[in-house]
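I have placed the structure first, in the form of structure tokens, so that the comments after it can refer back to it.
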Amino acid sequence: MPELPRITILGIGNILLKDEGVGVRVAEFLQSKYRFPGNVSVYDGGVTGLLGLVPIIEDTDHLVVIDAIRGGGPPGALHRHDISEFKLRLPKKLSMHDVGFVECLTVVELSGKMPKTAVVVGVEPEDCETLEIGLTATVQAAVIPLAERVLEELSALGVTACAESTLASCPLPPDP
């Protein structure tokens, strides 16, 4: 039986700066409400630096990053970018983590271990400057739709996540 592709969901952000922490909060939501097959890992990347993120990214075939993204839309608007587009838009400061995260991607590219596919999904923040734990109401309302976007990305890769409430009807994972 062929080895299943390794899929990583990586939520990044600083939970101490309001909407800046949305990537972490969506990753936490997914971990608490869904079960994933063994080839899918969900990480709270928080504000993990270059050295912490590089091994995670190098060890995956498909990467889905969740973050606050400034794309010029209204607060709460959802965004999706493949990594190449994300890197091209760097001068516009698309995400709160552009510089550190793009540096991580550059190191991974140089190592020759870039994932086959990589996307960034996120939400337009309302407030990333206030030193306060908790999302604004606008961004909090986008947590479930953003989590659904992540699940759509997984579905496109042939992965079904099972909601905690429906675990009894979930398909069994394939034998190793």
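Here the numbering used here is used: the sequence shown runs in plain steps of one and ends on residue 1343. Where is the CB? At the ideal position from N, CA and C, for every residue including glycine. Computed from a prediction, not measured in an experiment: that's the story for all the values here.
According to DSSP, what are the bridge partners of residue i?
{"i": "residue 1176", "result": "1209 and 1231"}
{"i": "residue 1202", "result": "1329"}
Could you check if residue i is buried or exposed, using at least 16 other CB atoms within 10 Å of its CB as the buried criterion?
{"i": "residue 1299", "result": "exposed"}
{"i": "residue 1212", "result": "buried"}
{"i": "residue 1194", "result": "buried"}
{"i": "residue 1187", "result": "buried"}
{"i": "residue 1302", "result": "buried"}
What residue range does the alpha helix (DSSP H) around residue i cover?
{"i": "residue 1321", "result": "1310-1323"}
{"i": "residue 1305", "result": "1304-1307"}
I need the DSSP call for residue i, collapsed to helix, strand or coil.
{"i": "residue 1197", "result": "helix"}
{"i": "residue 1289", "result": "strand"}
{"i": "residue 1271", "result": "helix"}
{"i": "residue 1192", "result": "helix"}
{"i": "residue 1183", "result": "coil"}
{"i": "residue 1300", "result": "coil"}
I need the boundaries of the beta strand (DSSP E) containing residue i, first residue and last residue.
{"i": "residue 1249", "result": "1245-1249"}
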